[in-house]
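Chains as they are written, first to last, in our numbering: chain A, 19 to 182; chain B, 72 to 490.
Here's what the structure looks like:
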């Protein structure tokens with residue numbers, strides 16, 4: 019079933035699919051970031067795919083000079099009961115990735131979370147605020163160069179009178 | 072002066088800007104028609120934890136709402152990158168703290184998928200049993216809290232009596248009542264004794280009757296039905312588009328349950344139904360969860376009958392922690408224990424995602440491994456987070472007192488939503 023979907027995507031978007039990865043029975047399609055919205059729209063609307071349900075959008079920091087950040091889309095087809103992973107890459111110099119909120123409304127919060135944690139900017143997301151961290155926070159905590167202990171004084175914490 | 076004004080404008084928090092639309096500046100003749108912004112939470116007893124909602128009110132009607140998360144954000148995903156796979160197990164207890172055993176199971180299944188190992192059959196059955204007990208425990212709290220939010224305190228006390236019995240079982244089984252940390256890679260912390268088995272049997276023998284008592288308090292209760300029927304309704308398409316999950320998704324009539332869609336453990340050998348309900352309102356969500364608890368009892372009964380004898384640890388010496396008594400007496404086991412504790416199990420390079428149908432919905436762990444003893448990236452996909460996303464459209468246009476009932480029926484747990 020998943021092979022069928024992979025073939026369909028490859029046939030319709032021959033230039034967009036960079037690689038197909040298989041591991042432990044799950045398929046990940048590497049997609050060029052410019053084409054992610056078109057591919058997602060196709061996967062949602064095509065009669066043989068019907069990936070109508072967004073499970074998650076997550077980021078990852080590969081910490082490599084090129085293609086440092088990965089954005090992974092975990093999508094699910096409720097009619098066919100199958101799962102597919104899409105992956106795009108972006109560089110530190112250009113953190114913009116097109117938003118898929120126009121395809122799946124539910125990508126809104128996961129994209130906000132990814133923005134909050136990695137600083138990846140989703141173009142087209144109408145409400146791209148921080149999800150967990152305060153708005154004033156200047157760092158992106160899940161990046162590999164962010165220390166585990168945090169950055170001192172980066173968060174405005176309440177102080178007692180004596181400390182002042 | 073002008074620049075100063077501009078500055079304050081830019082300093083205005085984005086949340087307020089999101090709430091303010093053009094209508095706020097319109098002058099009303101009637102002072103009572105003005106809209107006001109109310110801050111609900113994070114320290115509010117009805118928001119089930121530290122959820123904060125900013126609501127713009129027109130009288131008592133919600134004109135717009137913005138939920139704010141992050142008050143319980145502990146950075147577990149960052150911590151996981153610095154923990155070995157075993158060290159992260161206790162942290163999973165603190166995600167959905169109403170069903171820690173379920174989280175333990177979900178996490179360990181993802182790790183086992185990454186390692187490519189499988190637990191023995193007896194362990195699989197025990198994991199099914201603990202998952203279903205955790206589901207009952209979580210749904211019991213949801214039922215009590217929902218009824219209490221609406222004003223029926225009795226149900227809360229009755230369901231907590233049941234949860235108390237469950238905690239006694241957990242204590243016997245795992246040694247801890249709350250933070251269980253029961254699963255291990257390829258096995259469990261300790262075996263389930265016959266005594267525990269008998270206690271579980273005792274529990275499920277009496278539980279349907281107790282649940283029935285609670286139902287009799289609510290099913291024909293006019294106040295309860297008026298407060299839930301048609302309240303917080305969502306259409307089928309919208310629920311799917313917003314990524315709602317678990318019982319909330321089944322309450323709009325979609326028969327999606329990962330125990331059936333992609334069976335894990337031994338769920339394919341067990342006979343149970345997936346309760347669905349049409350309507351997508353708070354009452355539908357109530358019926359789905361009530362019926363789910365009845366199915367849990369069915370699953371538990373079958374699992375207790377079918378559970379085989381045998382080992383509980385997989386025979387994978389380099390992945391599974393050896394038994395204590397053997398560490399002290401055998402050289403091989405001592406070495407393996409030392410290596411697993413100090414360097415961690417070393418999985419192959421790769422990325423896996425494994426999800427289970429937790430009490431709140433799809434709970435998944437996405438693990439990126441670079442072949443080291445700790446994950447390169449671990450993403451927790453929490454169902455409460457996705458369910459809360461639909462909160463704003465659900466409460467829009469409702470009364471302020473409905474907010475409480477709708478949150479109660481969605482059943483979010485902030486420990487999980489905030490990670």
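We put the beta carbon where it would ideally sit given N, CA and C, even for glycine.
Under a CB-based cut-off of 8 Å, is residue 60 of chain A close to chain B?
no
Chain C within 8 Å of residue 312 of chain B, Cβ atoms only
The structure shown contains no chain C; the protein chains it does contain are A and B.
Spatial neighbours of residue 190 of chain B in its chain, beta-carbon cut-off 7 Å, leaving aside the 5 residues before and after:
Correct list, in chain order: 183, 257, 258 and 385.
Is the distance from the Cβ of residue 253 of chain B to the Cβ of residue 486 of chain B below 8 Å?
no
Beta-carbon proximity of residue 233 of chain B to residue 295 of chain B, cut-off 8 Å
For residue 233 of chain B and residue 295 of chain B, no; Cβs fall outside 8 Å.
Hey, does residue 335 of chain B have any beta-carbon neighbour from chain A nearer than 8 Å?
no
Should residue 338 of chain B be flagged as near chain A, meaning a C-beta pair shorter than 8 Å?
Using a CB distance cut-off of 8 Å, residue 338 of chain B does not count as an interface residue toward chain A.
Assign residue 220 of chain B to buried or exposed, taking buried as 16 or more other Cβ atoms, counted over all protein chains shown, within 10 Å of its Cβ.
buried
Can you name, in chain order, every residue of its own chain whose Cβ lies under 8 Å from the Cβ of residue 128 of chain B, other than the five neighbours on each side?
Excluding sequence neighbours, residue 128 of chain B sits near 106, 107, 108, 109, 134 and 471.
May I have the straight-line CA-CA distance separating residue 355 of chain B from residue 325 of chain B, to the nearest angstrom?
12 Å
Cβ neighbours of residue 314 of chain B in the same chain (closer than 6 Å, five flanking residues each side left out)
457
Proximity of residue 169 of chain A and residue 157 of chain A at Cβ, strictly below 8 Å
yes
Out of A:110, A:129, A:82 and A:80, point me to the one whose CA is closest to residue 92 of chain A's CA.
Cα-wise, what sits closest to residue 92 of chain A is A:129.
Helix, strand or coil at residue 501 of chain B [DSSP, three-state]:
Outside the modelled stretch of chain B, which goes from 72 to 490, sits residue 501 of chain B, for which no answer is possible.
Sorted by chain position, which residues of the same chain lie with C-beta nearer than 7 Å to residue 135 of chain A's C-beta, five sequence neighbours on each side aside?
77, 158, 159 and 160
At the 8 Å Cβ level, is residue 76 of chain B part of the contact set with chain A, yes or no?
Since pLDDT at residue 76 of chain B reaches only 49, below the 50 mark, its modelled position is unreliable, and no value is offered.
Would you say residue 302 of chain B lies against chain A (beta-carbon separation less than 8 Å)?
Not an interface residue.
With H, G and I counted as helix, E and B as strand and the rest as coil, what does DSSP make of residue 2 of chain A?
Nothing about residue 2 of chain A can be read from this structure; chain A reaches only from 19 to 182.
Close Cβ partners of residue 198 of chain B (< 6 Å) along its chain, the five nearest in sequence each way excluded
176 and 336
Let me know if residue 121 of chain A comes out buried or exposed under the rule of 16 or more other beta-carbons within 10 Å of its beta-carbon.
Residue 121 of chain A comes out buried.
With 9 Å as the C-beta to C-beta threshold (strictly closer), list the residues of the stretch 458-469 of chain B near chain A in chain order.
459, 460 and 461
Here's the rule: buried if 16 or more other CB atoms are within 10 angstroms of the residue's CB, otherwise exposed. What is residue 114 of chain A?
exposed
What did DSSP end up calling residue 128 of chain A once you bin it into helix, strand or coil?
helix
Where do the N-terminal and C-terminal ends of the beta strand (DSSP E) with residue 124 of chain B fall, by residue?
123-129
Taking 8 Å as the threshold, find out whether the stretch 42-59 of chain A comes into contact with the stretch 413-424 of chain B through three or more Cβ pairs.
yes
How would you label residue 269 of chain B, buried or exposed, when you count the other beta carbons within 10 angstroms and need 16 or more for buried?
exposed
Nearest-angstrom Cα separation, counted from residue 362 of chain B out to residue 215 of chain B:
Rounded to whole angstroms, the separation of the alpha carbons of residue 362 of chain B and residue 215 of chain B is 15 Å.
Could you give the first and the last residue of the continuous beta strand (DSSP E) run that contains residue 107 of chain B?
First-last of the beta strand (DSSP E) with residue 107 of chain B: 106-111.
Residue 271 of chain B beta carbon less than 8 Å from that of residue 143 of chain B
no
Could you check if residue 388 of chain B is buried or exposed, using at least 16 other CB atoms within 10 Å of its CB as the buried criterion?
exposed
Which ranges does the alpha helix (DSSP H) cover as unbroken runs of at least 4 residues, wholly within the stretch 86-161 of chain A, from first to last along the chain?
126-136, all fully within the stretch 86-161 of chain A.
Mapping the DSSP letters down to three states, classify residue 440 of chain B as helix, strand or coil.
strand
Sheet register partners of residue 449 of chain B (DSSP bridge)
B:438.
Bridge partners of residue 210 of chain B, per DSSP?
According to DSSP, residue 210 of chain B bridges with nothing at all.
Residue closest to residue 117 of chain A, alpha-carbon to alpha-carbon, out of A:54, A:31, A:29 and A:39
A:54
For residue 460 of chain B and residue 32 of chain A, the rounded distance between their alpha carbons:
35 Å
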